[in-house]
Amino acid sequence: MIPGSEPIETNVLKKITPDATEKKQIQRVIATLKEQVAKEIKKTKMPINIELVGSIAKDTYIRTSVDIDLFLVFPTTVSREILQEKGLTIGRAILEQQEECFAEHPYVRGVFQGYKTELVPCYKIEFASQKLSAVDRTPLHTRYVKKHLNESQKKEVRLFKQFLKGIGCYGAEAEIEGFSGYLCEIMIIKYKTFQQLVENVQYWHHGETLALEEGTSPLFETPLTFIDPVDSERNVASALSKDKFELFIAACKEYTKKPRLTFFFPNELQPWSLEKIKKVIGTNVFVGVKLPKPEIIPENLYPQVRKAVRSIRELCEQYEFTILDATFSIEKANVYIVLHPKTRTLSKIVLHAGPPVMLKKNADEFIQKWFDNPRTRKKPFEKNKRLYVEIEREYTNIQDLLEDQIKQLSLGKHIDLVIRKGFMIIDHNDLLTENLRLFWTTYLDTRTTWER
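And the structure:
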């Protein structure tokens, strides 16, 4: 037992565990949902089964975060086109505030009687090797957890999920890049309790590999590998980013030393004033790319924005601007890509190193390229048995570079479309705006969530 943790964890469980009344309420809603889905299925005249999956089915959900995941299980004889068509038709007929999402095929997400709900079509399989799409495994995941997770471990899963929520690591979606609910459940099956899990994690290193079932493990180049117990070819932790993996280990180390309620329920971060932000930034240089926010779901938006950040950073470094950091903020109407270059401007003339003189072919090519080049300011010369040339840079100002070259980059399908319509290159004075106060506070505040 981690000293001082018991009263904290007891308190957390009281806050997050649904009571009997709440459980009955959600079961009534699910029963009504199933009835309505069954009516829609009857209209299709197809043998489609209904299966409740996810944290409600496994009784591992947190009372403040209740999502209904209902799968429409089709026979494998049905074509993918028909599965998609019927799945969408049923979802559209039942859910409110609906939006179409896409896994390996489209499904409908929306609201049913006040609860976030997903109606997902899949194929009926008994083993993962029979899967026709990735979502076909999900009912197998639910069955595995229900079989191997005992009653007392359900509270351990809830504790673990709330711990991850508190430190900002819960959720495998692109916005978070953290732990899925299923990963939480199989980690508790592996380590038995939340405390044993935390005590083990503090000794983890990059490349950690875990498994529940025996058999050969394929190699995955990810921070954490947890072989899916129902599919030995899959890494359940594939969505976990390096940053979130390292944050998780750090949090576990700190929790074992000094458990606090703020690991589970951090204090809300209060945005700093613009004056304080400006003072903390000091003489540091920041440059931003402001573009309209594409109207696509977060699962598609975040990977494209991250790709755009990488591409823009690489462009700057290609032209010898040292980028100390690159990040982004997705706001209501705009996306901001924020670069932290070492300097905004570079010298007009740069000494460009060529090959050693002894490599005659390379040396001749270097001389030929630069001897009469319009950018050459001092013709090729030899120094310490190597060739050099002084040339004029194409760009000396990072904002000019971005203004000229950003449209030539491949930033992601939807980002490319909005960039063509219009974008702005702005310096950090224009980034110091009211709507970005929370972004700057989060970025500049060096404290972890549990230290606030």
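Following the numbering used here, the numbering of the sequence shown begins with 159 at its first residue and continues without gaps.
For glycine and all other residues, C-beta sits at the position ideal for the given N, C-alpha and C.
- Bounds of the beta strand (DSSP E) holding residue 446 are 445-450.
- Selection 180, 208, 604, 248 evaluated against residue 201 yields 248 as nearest (Cα-Cα).
- The DSSP-derived three-state label of residue 530 is coil.
- DSSP, reduced to helix, strand and coil, places residue 280 within a strand of the structure shown.
- For residue 390, the enclosing beta strand (DSSP E) stretches over residues 389-393.
- Residue 312 and residue 347 have their C-alpha atoms roughly 10 Å apart.
- A Cβ-Cβ distance of about 5 Å is found for the pair residue 292 and residue 262, placing them in contact under the 8 Å criterion.
- Partner residues in the beta bridge of residue 494, as assigned by DSSP, are 448, 487.
- Beta bridge pairing from DSSP links residue 274 with 225, 269.
- Across the set 369, 372, 395, 389, the C-alpha of 395 shows the shortest separation from the C-alpha of residue 380.
- Bridge partners of residue 386 according to DSSP: 389.
- Along the region 160-246, the alpha helix (DSSP H) occurs as fully enclosed runs of 4 or more residues at 164-174, 178-202, 212-216, listed in sequence order.
- Here residue 199 is not near residue 188, since their CB atoms are 9 Å or more apart.
- Residues of the same chain with a CB within less than 8 Å of the CB of residue 561, apart from the 5 flanking positions on each side, are 583 in chain order.
- For residue 601, there is no enclosing beta strand (DSSP E); the residue is part of the alpha helix (DSSP H) that begins and ends at 595-602.
- Rounded to the nearest whole angstrom, the CA to CA distance from residue 341 to residue 376 is 18 Å.
- Closest option to residue 353, judged by alpha-carbon separation, among 404, 563, 457, 413: 413.
- Judged by DSSP secondary structure, residue 345 falls within the alpha helix (DSSP H) whose first and last residues are 339-349.
- Look at residue 510 here: in three-state DSSP terms it is strand.
- If you compare the alpha carbons of 363, 300, 482 with that of residue 213, the shortest gap goes to 300.
- Here residue 227 is buried. Its C-beta has 16 or more other C-beta atoms within 10 Å.
- In this structure, residue 397 lies near residue 332, with their beta-carbon atoms less than 9 Å apart.
- Using a Cβ-Cβ distance cut-off of 8 Å, the region 507-514 and the region 536-546 are in contact, since at least three pairs of beta carbons, one from each stretch, lie closer than that value.
- Shown here, residue 432 sits in a helix according to DSSP, grouped into three states.
- Between the alpha carbons of residue 445 and residue 557 lies a gap of roughly 7 Å.
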